[in-house]
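So that you can map any letter, position 60 of the sequence shown is 538 in the numbering used here, and since no number is skipped, the others follow by simple counting. Ideal Cβ positions, reconstructed from N, Cα and C, are used throughout, including at glycine. All values derive from a computational prediction rather than experimental measurement. Comments concern the structure below.
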Amino acid sequence: MFAVPVNTVAAEEKPALRHPARVAVAYAASRDRWRHLLRYDADERYAVLVDRTDTDEIWLMSWLPGQGEQRHDHGDTSGAFTVVHGELTEVVLRPNAVQDAGPEVNVLQAGQTRAFGPGYAHQVSNRSADPAVSLHVYRYGGRTVRPYVARAEASSRGSVG
Ligand SMILES: [Fe+2]
């Protein structure tokens, strides 16, 4: 333990230093900020922008059973996402993974959060029998989404024509 001097004043929090996972969890807990935006789309995973700050974009997504994303990365963007309701399955794509090693699969329940840095690639889907809702934070660069092409596939494509 240590004593805090009497006149100590807490430094003002700098939003840019707040971890994206904390931002995602804070938005998840503030349902009044996004509940009016929640929809389910029978044709595809639904996504809507909830908020934009100097550093972050915060998106709300809803996933009906069987809905999911294509394999993608987020370019130079970092961020986090948290499951608000239901269950999501994330398959992490690692270009340098040991061949024959099985993919990293994360089954995320409501309240669980994943963070990611630049170049992170994954595929998220709802493999459960119930709808799911999640909140996503993208820091620096907004919601950059690029189709992911595995290195082996990319090099074989490059050799064609
Ligand atoms: Fe993603």
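Where do the ends of the alpha helix (DSSP H) carrying residue i lie?
i: residue 525; result: Unbroken run through residue 525 is the beta strand (DSSP E), 524 to 530; no alpha helix (DSSP H).
i: residue 505; result: 498 to 507
How big is the Cα-Cα spacing for residue i and residue j?
i: residue 540; j: residue 486; result: 44 Å
i: residue 512; j: residue 484; result: 40 Å
i: residue 523; j: residue 542; result: 7 Å
i: residue 585; j: residue 482; result: 42 Å
i: residue 553; j: residue 480; result: 43 Å
i: residue 536; j: residue 490; result: 22 Å
i: residue 580; j: residue 628; result: 15 Å
Report whether the distance from the Cβ of residue i to the nearest heavy atom of ligand 1 is below 7 Å.
i: residue 514; result: no
i: residue 602; result: yes
i: residue 552; result: yes
Using CA atoms only, rank isn't needed, just tell me which of the options is closest to residue i.
i: residue 588; options: 556, 609 and 492; result: 609
i: residue 520; options: 514, 544 and 505; result: 544
i: residue 514; options: 504, 620, 507 and 528; result: 528
i: residue 546; options: 620, 600, 618 and 619; result: 600
Starting from residue i, trace the beta strand (DSSP E) in both directions and tell me its first and last residue.
i: residue 584; result: 582 to 587
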